[in-house]
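So the sequences go chain by chain: A and B. All residue numbers in the first sequence are consecutive under the numbering used here, ending with 153. All residue numbers in the second sequence are consecutive under the numbering used here, ending with 306. The beta carbon of each residue, even a glycine, is placed where N, CA and C say it ideally should be. Given the structure is predicted, the values throughout are model-derived calculations rather than measurements. Quick notes on the structure that follows.
2 protein chains.
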Amino acid sequence: MLSTRRAELVDAAVGASRALVAITARSLARDAGDVTLPQYRLLVVLVTRGPQRLGDVADSLDVNPSTATRMGDRLHRKGLITRRGRDDDRRVVELVITDEGRQLVERVMEHRRAEITEIVDDLSPDELATVAQGLQLFAAAAGETTGELESAS
Amino acid sequence: MLSTRRAELVDAAVGASRALVAITARSLARDAGDVTLPQYRLLVVLVTRGPQRLGDVADSLDVNPSTATRMGDRLHRKGLITRRGRDDDRRVVELVITDEGRQLVERVMEHRRAEITEIVDDLSPDELATVAQGLQLFAAAAGETTGELESAS
DNA sequence: CCCATCAGTTGTCCTAAGCAAAGATTGCCC
DNA sequence: GGGCAATCTTTGCTTAGGACAACTGATGGG
C-alpha cells in the first residue's frame with residue numbers, strides 16, 4: 001500500500017531525473033559544441049560564484065584538485081576561461097570565465113529553459129502548480145536530509 | 154510573473170535531479186564497491202530486460218558497441234555477467250547477468266529505496282502525494298514532448 | 001558461389017577521475 | 001632570520017568511458 005506508493009515515487013523521480021539529464025545533454029550538444037558535461041559544470045560554477053581558486057572549484061564539483069587542473073587546461077585551450085595568479089598568495093590560481101565562456105553558459109541555460117517551458121506548456125495551471133510544488137518539496141526534503149551539498153548543474 | 158514561476162520550477166527540477174543522482178552515487182559506493190555508474194546501468198538493463206545481445210545493450214545505454222564490448226569485459230572479469238554465443242546466429246553475443254550481479258543490483262535498489270523513504274518520511278501524506286504526482290506529471294510530460302521532437306526531426 | 005551486409009571486437013584517440021609525489025609558497029616558531 | 005610544517009597546485013601514473021574506423025566472422029540473397 002504505502003510501499004507501493006513509495007515505489008511509484010521512486011520510479012517517477014528516476015524518470016524525471018532522466019528527462020532532465022537528457023534535456024541538459026541535448027542543450028549542451030546543440031549549443032556547446034565540444035564542451036563536455038563536466039566542463040560545463042565547471043563553467044557554471046564560475047558564472048554563479050565568480051572567479052574561484054582552483055581548489056574551491058574542485059570542492060564545488062566534488063572532484064580531485066588534479067582533475068580540476070586538467071579540466072581547467074582544456075577550458076583554457078578552448079578560450080572559455082583564463083587563469084590568474086594572486087599577489088597576496090602566489091600559491092593560488094584563480095579561474096576566471098571569459099566572455100565567450102559566459103555566453104556559452106547563457107545559451108545553454110536559455111535553451112534548457114525553453115525546453116522545460118515547452119514541456120510544462122502542455123500542463124494545465126493546476127498541474128503546473130502540482131509539478132512545481134512536488135519538485136520543490138522533494139528537493140527541499142532531500143537537501144535537509146542529506147545535509148546541504150553544493151550547487152551547479 | 155509566470156516566467157518567475159517557471160524559473161523556480163527549473164531550479165526545483167534541477168535540485169531534485171541532483172539529489173537523486175547523489176543518492177544513487179551513494180548507494181553505489183556503499184553497496185557496489187568498484188562498480189561504476191555506467192557499469193551499474195548495464196547490469197540494470199540485464200536485470201529488467203533479461204539476457205540481451207550486445208548491440209541491443211549498446212542501444213539501450215546509447216553508447217557505441219565498442220564501449221559496450223569493453224564494459225562487458227570488465228563486468229565479466231568481476232563475475233557479474235557471463236557471455237554466451239547463440240547457435241542460430243553465431244555472430245551474436247548475449248550478455249547474461251550472474252547471481253552475483255543480480256544480488257548487487259538488488260542491494261543497490263534496496264538501499265536507494267531506503268534513502269528515498271527516509272527523505273519522504275518527514276512529509277505529510279498530502280505532501281507525499283503532491284511530490285509523487287508532481288514527479289509523475291513532469292516525467293510523463295517530458296516523455297511525450299521529447300517523443301514528439303524526435304519523431305518530428 | 002560470391003558478395004553485400006551484419007555483429008562484435010580491436011586499435012587509436014581523447015576526456016574524466018583518482019592517488020601519490022613533487023614544486024612552490026606561506027606562516028609560524030624558536 | 002632560518003628552518004619546518006602546512007597549504008595550493010601541478011605532474012605522473014593508472015583505470016574507465018566513449019567515439020570512430022578498420023577488421024574478422026557469420027549470414028543470406030542473387
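* Flag residue 161 of chain B as yes when its Cβ comes closer than 7 angstroms to any non-hydrogen atom of the ligand MG, and as no otherwise. => Absent from the structure shown: the ligand MG. Ligands present: none.
* **Rounded straight-line distance, which links the Cα of residue 227 of chain B to that of residue 237 of chain B** => 16 angstroms
* Asked: Going by DSSP, which residues form a beta bridge with residue 250 of chain B?
  -> B:234
* Measure from the alpha carbon of residue 258 of chain B to the alpha carbon of each residue in B:170, B:200, B:214 and B:243, then state which is nearest. => B:200
* How about residue 185 of chain B: is its C-beta nearer than 8 angstroms to some C-beta of chain A? -> no
* Asked: Taking the alpha helix (DSSP H) that residue 213 of chain B falls in, what are its first and last residues?
  -> 207-214
* Check whether the stretch 50-61 of chain A touches the stretch 79-94 of chain A, counting contact only when three or more Cβ pairs, one atom from each stretch, lie closer than 8 angstroms. => yes
* **Same chain, Cβ closer than 7 angstroms to residue 120 of chain A, neighbours up to 5 away in sequence not counted** => 128 and 131
* To do: Work out the CA separation of residue 295 of chain B and residue 96 of chain B for me, nearest whole Å.
  => Residue 96 of chain B is absent from the structure shown; chain B starts at 154 and stops at 306.
* **Proximal residues of chain A, C-beta to C-beta of residue 296 of chain B below 9 angstroms** => 15 and 19
* Should the stretch 164-175 of chain B be called in touch with the stretch 10-19 of chain A, which here means at least 3 C-beta pairs below 8 angstroms? -> yes
* Asked: Buried or exposed: residue 103 of chain A, going by 16 or more other Cβ atoms within 10 Å of its Cβ?
  -> exposed
* Taking any Cβ of chain B, which residues in the stretch 101-129 of chain A have a Cβ under 7 angstroms from it, in chain order? -> 113, 116, 117, 118, 119, 120, 122, 123 and 127
* Tell me, please, whether the CB atom of residue 285 of chain B is closer than 8 angstroms to any CB atom in chain A? => yes
* Answer with buried or exposed for residue 80 of chain A, where buried requires no fewer than 16 other C-beta atoms within 10 angstroms of its C-beta. => buried
* To do: Give the residues of chain A in contact with residue 163 of chain B, contact being defined as C-beta atoms less than 8 angstroms apart.
  => 112, 113 and 116
* Asked: Nearest to residue 266 of chain B by alpha carbon, out of B:216, B:224 and B:181?
  -> B:181
* Asked: Around the Cβ of residue 41 of chain A, are there at least 16 other Cβ atoms within 10 angstroms (buried) or fewer (exposed)?
  -> buried
* Alpha-carbon to alpha-carbon, residue 11 of chain A and residue 288 of chain B -> 9 angstroms
* Mind checking residue 31 of chain A: buried by the 16 CB within 10 Å criterion, or exposed? -> buried
* Asked: At a CB-CB cut-off below 7 angstroms, which residues of chain A make contact with residue 292 of chain B?
  -> 12, 15, 16 and 19
* Look at the alpha carbon of residue 13 of chain A and the alpha carbon of residue 196 of chain B, and state the distance between them as a whole number of angstroms. => 20 angstroms
* Have a look at the DSSP bridge pairing and note the partners of residue 239 of chain B. => B:242
* To do: For residue 36 of chain A, name the three-state secondary structure that DSSP assigns.
  => coil
* Would you kindly work out how many angstroms separate the C-alpha atoms of residue 239 of chain B and residue 38 of chain A, rounded to a whole number? => 40 angstroms
* To do: Answer with buried or exposed for residue 268 of chain B, where buried requires no fewer than 16 other C-beta atoms within 10 angstroms of its C-beta.
  => buried
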